[in-house]
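Undergrad: In the working numbering, the protein residues as written are 128 to 315.
We put the CB at the ideal spot given by N, CA and C, even for glycine.
Just so you know, these numbers come straight off a predicted model, no measurement behind them.
First, the structure itself, so that you have it in front of you.
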Ligand SMILES: Cc1cc2nc3c(=O)[nH]c(=O)nc-3n(C[C@H](O)[C@H](O)[C@H](O)COP(=O)(O)O)c2cc1C
C-alpha cells in the first residue's frame with residue numbers, strides 16, 4: 128500500500144482523474160485535491176460534484192484547495208508520499224508550477240514535490256500547444272517532473288472509450304510505480 132496525492136484540475140478529460148482515483152484508491156491511501164475549475168469540468172463532463180466523490184470514495188481524503196496550512200504543503204510531510212499526480216493538468220496549472228507561483232494547494236504541492244524530489248506526474252491536456260505551453264513543459268521536465276499527454280495508443284486493440292481511458296491511466300500509473308492490469312502490453 129502506497130500513499131499518493133492526486134490532483135484534478137480544469138482541463139478536459141477529468142474522467143482520467145476519476146478513473147485514476149478509482150484504481151489507485153483500491154489498495155492505496157489517496158489524498159485528493161480538486162481545483163475550482165476541476166470542479167466545473169467534473170460537472171460539465173461527468174455530471175458529478177465533489178460531494179458525489181466524497182460519497183463514492185469515503186476512504187479518500189479530500190483536501191481544501193485553499194488550505195495552504197495543509198500538511199501536504201510541507202516538505203517533511205510530502206516526503207512520506209510515493210508520488211504526486213495531476214490528472215488532468217490544465218495549462219494554467221502547468222504554468223503556475225513551471226514558474227513557481229502558488230495560487231492554490233495544488234500548485235504548492237507540485238512545488239514541494241519538485242523540491243523534495245517526490246515524483247511529480249503531470250498529464251497535460253490541450254490542443255494545439257503554444258510556445259508558452261511547450262516552454263513550460265520543458266521547464267517542469269528540467270526540474271524533475273514527468274510530463275505526459277492525454278493521447279492513448281491504439282496498439283492494444285481498444286474496443287470502447289473505456290479502453291482508451293484505461294490506456295492513458297495505465298501509463299500514468301506506470302510512471303507512479305503502481306502495478307495494474309488496465310491494458311495489454313505490447314506483444315503480451
Ligand atoms: C469544459 C472546459 C474544458 C476545458 N478544457 C481545458 C483543457 O483541455 N486544457 C486546459 O488547459 N484548459 C481547459 N479549460 C480551461 C481551464 O479550466 C482554465 O484555464 C482554468 O483557469 C484552469 O484552472 P486550474 O488549473 O486551477 O484548474 C477548460 C475549461 C472548461 C470549462
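Give me the Cα-Cα distance between residue 185 and residue 223, rounded to the nearest whole angstrom.
TA: Distance between the alpha carbons of residue 185 and residue 223: 30 Å.
Undergrad: Any contact of the region 212-231 with the region 247-262, i.e. 3+ C-beta pairs under 8 Å?
TA: Yes, the region 212-231 touches the region 247-262.
Undergrad: For residue 148 versus residue 169, is the C-beta spacing smaller than 8 Å?
TA: Cβ distance not < 8 Å, so residue 148 and residue 169 don't count as in contact.
Undergrad: If contacts are defined as beta-carbon pairs under 8 Å, then residue 211 and residue 245 qualify, I think. What distance do you get, rounded to the angstrom?
TA: With 8 Å as the limit, residue 211 and residue 245 qualify as a contact, their Cβ atoms being about 6 Å apart.
Undergrad: DSSP state of residue 153, grouped into three classes?
TA: Helix at residue 153.
Undergrad: Could you give the first and the last residue of the continuous alpha helix (DSSP H) run that contains residue 235?
TA: Counting along the chain, the alpha helix (DSSP H) containing residue 235 begins and ends at 232-243.
Undergrad: Run through the DSSP bridge pairs and tell me what residue 248 is partnered with.
TA: Residue 248 pairs with 212 and 273.
Undergrad: Would you kindly work out how many angstroms separate the C-alpha atoms of residue 201 and residue 232, rounded to a whole number?
TA: Residue 201 and residue 232: Cα-Cα distance of roughly 11 Å.
Undergrad: How is residue 132 classed by DSSP in three states: helix, strand or coil?
TA: Of the three classes helix, strand and coil, the one that applies to residue 132 here is strand, per DSSP.
Undergrad: Across which residues does DSSP place residue 283 in a beta bridge pair?
TA: In DSSP, residue 283 forms no bridge with anything.
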